[in-house]
Amino acid sequence: MQRELRLLNNKHCMEYLQFLSKNHLSFNLLCERDAIDFSPKLPKEIHEKFGALVLFVLAGYTLESLMIDTQSVQFEAGFGPNNIGSVVQVELPGIIQILIKEKNENVVLFNRCDSLELFQKEEPLFQESKKDERESKEEFKEWLDSKEAFFSNSKNRAILENLHKS
Numbered sequence: 042m043q044r045e046l047r048l049l050n051n052k053h054c055m056e057y058l059q060f061l062s063k064n065h066l067s068f069n070l071l072c073e074r075d076a077i078d079f080s081p082k083l084p085k086e087i088h089e090k091f092g093a094l095v096l097f098v099l100a101g102y103t104l105e106s107l108m109i110d111t112q113s114v115q116f117e118a119g120f121g122p123n124n125i126g127s128v129v130q131v132e133l134p135g136i137i138q139i140l141i142k143e144k145n146e147n148v149v150l151f152n153r154c155d156s157l158e159l160f161q162k163e164e165p166l167f168q169e170s171k172k173d174e175r176e177s178k179e180e181f182k183e184w185l186d187s188k189e190a191f192f193s194n195s196k197n198r199a200i201l202e203n204l205h206k207s
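Here the working numbering runs 41 ahead of the position in the sequence shown, where the first position is 1.
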């Protein structure tokens, strides 16, 4: 059952991405860092700022460069204050959320649920330990660091500002 749910999540993720791309709609991807490959590799000072989750804004040329297949997505993006170009490849299972802007609000269009958590009977679904709370705080800090790396590029800030206006 878990395998079926993972395949279903990947299928839905791919279909949402295809829909957004076909209709030229800008969107954000929240991805697991371990599922991302940069080619060429980013400089260490930029890559180190990424947390466990990395947020990408796909708009303009980045959206136009988007390629989707059954295993991954690929797009070109610029990073850091010098707009260092890299081709970003993200494995589909590493895409956690797809977000769109609706009436100046970020709306989650796709959210990957963890099939292991859903179908395990040993532990209650909503019980969190102190360790989980610490891990959540650390992940949030890493996400903020990732956001800082993204917004250090003035072109990325400009794209986001234009998205806010539309």
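Cβ coordinates follow ideal geometry from the N, Cα and C atoms, glycine included. If you're wondering where the values come from, they're calculated on a predicted model, not measured in any experiment.
In or out: residue i buried (at least 16 other Cβ within 10 Å) or exposed?
| i | result |
| --- | --- |
| Arg44 | exposed |
| Phe116 | buried |
| Val129 | buried |
| Val149 | exposed |
| Cys154 | exposed |
| Thr103 | buried |
| Lys82 | exposed |
| Phe97 | buried |
| Lys142 | buried |
| Leu49 | exposed |
| Phe60 | exposed |
Tell me, to the nearest whole angstrom, how far the beta carbon of residue i is from that of residue j; I am working on the premise that it is less than 8 angstroms.
| i | j | result |
| --- | --- | --- |
| Ala76 | Gly135 | 2 angstroms |
| Ser67 | Leu99 | 6 angstroms |
| Leu71 | Ile137 | 5 angstroms |
| Phe151 | Ile139 | 4 angstroms |
| Ile109 | Met55 | 6 angstroms |
Taking the alpha carbon of residue i as the reference point, which residue from the options has its own alpha carbon closest?
| i | options | result |
| --- | --- | --- |
| Asn147 | Gln59, Phe91, Leu46, Asn69 | Asn69 |
| Val95 | Glu56, Asn51, Val131, Lys85 | Val131 |
| His88 | Cys54, Ser127, Val114, Arg47 | Ser127 |
| Asn51 | Thr111, Ile125, Lys144 | Thr111 |
| Leu133 | Leu49, Val114, Asn64 | Val114 |
| Asp78 | Lys63, Ala118, Leu48, Ser62 | Ala118 |
| Asn123 | Gly101, His53, Asn64, Glu86 | Glu86 |
| Ser62 | Gly101, Ile125, Asn145 | Gly101 |
| His65 | Lys144, Ile125, Glu73, Glu105 | Glu105 |
| Ile125 | Phe91, Pro84, Asn145 | Pro84 |
Does DSSP classify residue i as helix, strand or coil?
| i | result |
| --- | --- |
| Gln43 | helix |
| Leu133 | helix |
| Leu270 | Only positions 42 to 207 of the chain appear in the structure, and residue 270 is not among them; the question remains open. |
| Phe97 | strand |
| Lys144 | coil |
| Pro165 | Annotation note: pLDDT 46 at Pro165 (below 50); position unreliable, coordinate value reported separately. It is coil, neither helix nor strand. |
| Leu107 | coil |
With 8 angstroms as the threshold, decide whether the Cβ of residue i is near any Cβ in chain E.
| i | result |
| --- | --- |
| Ile109 | Protein chain content of the structure displayed is limited to a single chain, and chain E is not contained in it. |
Extract the residue ranges of the alpha helix (DSSP H) inside the region 50-96, only unbroken runs of 4 or more that lie entirely within it.
Segments of the alpha helix (DSSP H) lying fully in the region 50-96: 85-88.
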